[in-house]
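Trainee:
2 protein chains.
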Amino acid sequence: MTFDPTTLTYNDAGLIPVIAQDAETLEVLMMAWMNAEAVAKTLETGKVTYWSRSRQAFWIKGETSGHTQALVAMRVDCDRDCLLVTVRQIGAACHTMRRTCFYTGVETGEEVELMVPEF
Amino acid sequence: MTFDPTTLTYNDAGLIPVIAQDAETLEVLMMAWMNAEAVAKTLETGKVTYWSRSRQAFWIKGETSGHTQALVAMRVDCDRDCLLVTVRQIGAACHTMRRTCFYTGVETGEEVELMVPEF
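Protein sequences, first through last, are from chains D and H. For the first sequence, counting from 1, position 56 maps to 56 in our numbering; every step adds exactly one. For the second sequence, counting from 1, position 55 maps to 1055 in our numbering; every step adds exactly one.
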């Protein structure tokens, strides 16, 4: 079946959550949002392109920072309301210059910083 | 710092997206939602407990199917608006009886079923 981005289920703002996973290490890097056009652009260009809710604009990941995400594969979930992209991440996925946005652990009721800025 | 579920950022419906990842294989299994009480219950019980948007009720994963998720670790992202839980998954994470909900690939413009029901 031909994949049509408009057949996905978007929220009231026209967005779908997207999980980015490192294709090599399998580390979960971040979660962000795409609209149908961002999904299409990501597939067309191979550059992972989100929709920035704060800027209300396309957000080609790494365009200004150089910390790009090259698309390796895209998957759709069973409900068609979430995407998983596996990526080749250059540098930090997180704006705090850490490898992943998920650098805070919850351990026996305490928040623990699991990694420091690397890039 | 003591972790307080009420300090996370929830959407207008009081929910936060949660990514579940297999602690052993690192496969991304599913994405679902929790409210602050579900986050607290998950930590207290060690049983991953979502909030079902369709049923408007707590959803202790696997309670009826037996396909439980035992919490291994919880992480918070940089914006405090997404959680990652690593889990020990018994059986299928997906209601279609597949290992993961992300069983549909998008390959050269086509949707491809990457795995069949296993459980």
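Even glycine gets a Cβ: it sits at the ideal position worked out from N, Cα and C.
Could you say which of Ala92/D, Asp79/D, Gly91/D, Ala73/D lies nearest to Val85/D if we only look at CA atoms?
Mentor: Residue 85/D sits at position 85 when you count from the first residue of the first sequence. Per the Cα distances, Ala73/D.
Trainee: Does Pro117/D pass the burial test, meaning 16 or more other C-beta atoms within 10 Å, or should it be called exposed?
Mentor: For the purposes of this step, residue 117/D is identified with residue 117 of the first sequence, where counting begins at 1. It counts as exposed.
Trainee: Does Gln21/D have its Cβ less than 8 Å from a Cβ in chain H?
Mentor: Position 21 of the first sequence, counted from the first residue, corresponds to residue 21/D. Yes, contact with chain H.
Trainee: So that I know if they touch, is there some Cβ in chain H lying closer than 8 Å to that of Phe3/D?
Mentor: Taking the first sequence and counting its residues from 1, one reaches residue 3/D at position 3. Yes - at least one Cβ of chain H is within 8 Å of the one on Phe3/D.
Trainee: Residues in the segment 54-78 of chain D with C-beta within 7 Å of chain H's C-beta atoms, listed in sequence order?
Mentor: Going along the segment 54-78 of chain D in chain order, one finds Ala73, Met74, Arg75, Val76, Asp77, Cys78 with a Cβ nearer than 7 Å to chain H.
Trainee: State the Cα-Cα distance for the pair Thr1009/H and Val28/D, rounded to the nearest angstrom.
Mentor: Translated into the one-based positions of the second sequence, residue 1009/H becomes position 9. Translated into the one-based positions of the first sequence, residue 28/D becomes position 28. One C-alpha to the other measures close to 20 Å.
Trainee: Can you check whether the C-beta of Leu8/D is within less than 8 Å of a C-beta belonging to chain H?
Mentor: Translated into the one-based positions of the first sequence, residue 8/D becomes position 8. It does not; no Cβ of chain H falls within 8 Å.
Trainee: Going by beta carbon distance, what residues of the same chain come within less than 7 Å of Pro1005/H, once the five residues before and after it are set aside?
Mentor: The residue you call residue 1005/H lines up with position 5 of the second sequence. Answer for Pro1005/H: Ala1036, Val1039, Ala1040, listed in chain order.
Trainee: So Leu29/D is in the beta strand (DSSP E); what residue range does that whole segment cover?
Mentor: Here residue 29/D refers to the residue found at position 29 when the first sequence is read from its first residue. Start and end: 28-34.
Trainee: For Val116/D, does the three-state DSSP call read helix, strand or coil?
Mentor: The residue labelled residue 116/D in the question sits at position 116 within the first sequence. DSSP places Val116/D in coil when its eight states are reduced to three.
Trainee: Just the chain H side, please: which residues come within less than 9 Å of Glu110/D by C-beta, in chain order?
Mentor: Position 110 of the first sequence, counted from the first residue, corresponds to residue 110/D. Met1001, Thr1002, Phe1003, listed in chain order.
Trainee: Examine the Cβ distances between the segment 1101-1108 of chain H and the segment 63-80 of chain D and report whether three or more of them are shorter than 8 Å.
Mentor: Enough Cβ pairs lie closer than 8 Å, so yes.
Trainee: Please report the distance separating the alpha-carbon of Ser54/D from that of Cys1094/H.
Mentor: Stepping through the first sequence from its first residue, residue 54/D is reached at position 54. Stepping through the second sequence from its first residue, residue 1094/H is reached at position 94. C-alpha separation (whole angstroms): 32 Å.
Trainee: When the Cα of Leu1015/H is compared with those of Thr1049/H, Gly1109/H, Thr1002/H, which residue comes out closest?
Mentor: Stepping through the second sequence from its first residue, residue 1015/H is reached at position 15. Nearest C-alpha to Leu1015/H: Thr1049/H.
Trainee: Helix, strand or coil for Val48/D? Go by DSSP, reduced to three states.
Mentor: Counting from one through the first sequence, the residue named residue 48/D turns up at place 48. Here Val48/D sits in coil by DSSP.
Trainee: Helix, strand or coil for Thr104/D per DSSP?
Mentor: In the first sequence, the residue the question calls residue 104/D occupies position 104. In this structure, Thr104/D counts as strand in the three-state DSSP scheme.
Trainee: Exposed or buried, which one is Asp22/D when buried takes at least 16 other CB atoms within 10 Å?
Mentor: The count along the first sequence starts at 1 and reaches residue 22/D at position 22. Result: buried.
Trainee: If we cut at 8 Å on Cβ distances, does Val1116/H have a partner in chain D?
Mentor: By one-based count along the second sequence, residue 1116/H stands at place 116. No - not a single Cβ of chain D is within 8 Å of the one on Val1116/H.
Trainee: Hey, how far is the Cα of Thr1068/H from the Cα of Val1018/H?
Mentor: As a first step, residue 1068/H must be located in the second sequence, where it is residue number 68. As a first step, residue 1018/H must be located in the second sequence, where it is residue number 18. Distance between the alpha carbons of Thr1068/H and Val1018/H: 16 Å.
Trainee: Roughly how far, in whole angstroms, is the beta-carbon of Arg1098/H from the beta-carbon of Ala1070/H, given that I think they are within contact range, below 8 Å?
Mentor: Numbered from its first residue, the second sequence carries residue 1098/H at position 98. Numbered from its first residue, the second sequence carries residue 1070/H at position 70. About 19 Å separates the two Cβ atoms, so there is no contact after all.
Trainee: Residues of chain H with a CB under 8 Å from the CB of Thr96/D: which are they?
Mentor: Reading the first sequence from its first residue, position 96 is the one you call residue 96/D. Those are Cys1078, listed as they occur along chain H.
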